[in-house]
Amino acid sequence: MKTNEIEKLKDEFEEVKDFLIALGDEKRQIIIIALLNDHACEGLRVVDLTEVTELSRPAVSHHLKILKQIGIVDIQREGTKNYYYLSNAAAEINKLRNLLDNVLSVMTEKQKEL
């Protein structure tokens, strides 16, 4: 494998590191799935997500903060109520897709060498 390919992969992993960490948590995955299942697309409140995740309100808020920081979740405020919904994280998803495509390409090359 060429050195520039390895450096490129290192850089790509670094770019999606926070995204991968956020997605790797089981409770955050449950939150994402709950938001995907929000058929009314109006967003969910922390209290709604506490029921689904079986976490306390502060714990759900912590996970939502992490998801918001990486751009997966956004918030809409209506008076004293906060509604969380999935935002368009296409840029981060495309970075992850490119990384996986490049990893697969390197693996395929290695298999050909054997």
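Residues -9 to 104 (the numbering used here) make up the sequence shown, in order.
Virtual Cβ for every residue (Gly too), placed ideally from N, Cα, C.
query, result
"C-beta contact flag for residue 56 and residue 18 at 8 Å", "yes"
"Among 79, 8, 74, nearest to residue 24 - alpha-carbon criterion", "74"
"Residues of its chain near residue 62, where Cβ-Cβ distance is below 6 Å and the 5 sequence neighbours each way are ignored", "79"
"Residue 14 burial status per 10 Å Cβ neighbour count (16 or more: buried)", "exposed"
"Cβ separation of residue 60 and residue 39, assumed to be a contact under 8 Å, to the nearest whole Å", "Actually they do not touch by this definition, with Cβ atoms about 17 Å apart."
"Residues near residue 46 by beta carbon distance below 8 Å, same chain, minus five either side", "40"
"The alpha helix (DSSP H) enclosing residue 35, as first and last residue numbers", "Premise fails: residue 35 is in no alpha helix (DSSP H) and is neither H nor E."
"Own chain, CB closer than 7 Å to residue 42, minus 5 neighbours either side, in chain order", "20, 24"
"Coil, strand or helix - residue 90 by DSSP", "helix"
"Residue -3 beta carbon near the ligand MN (any heavy atom closer than 7 Å)", "Of the ligands one can find in the structure shown there are none, so the ligand MN has no counterpart to examine."
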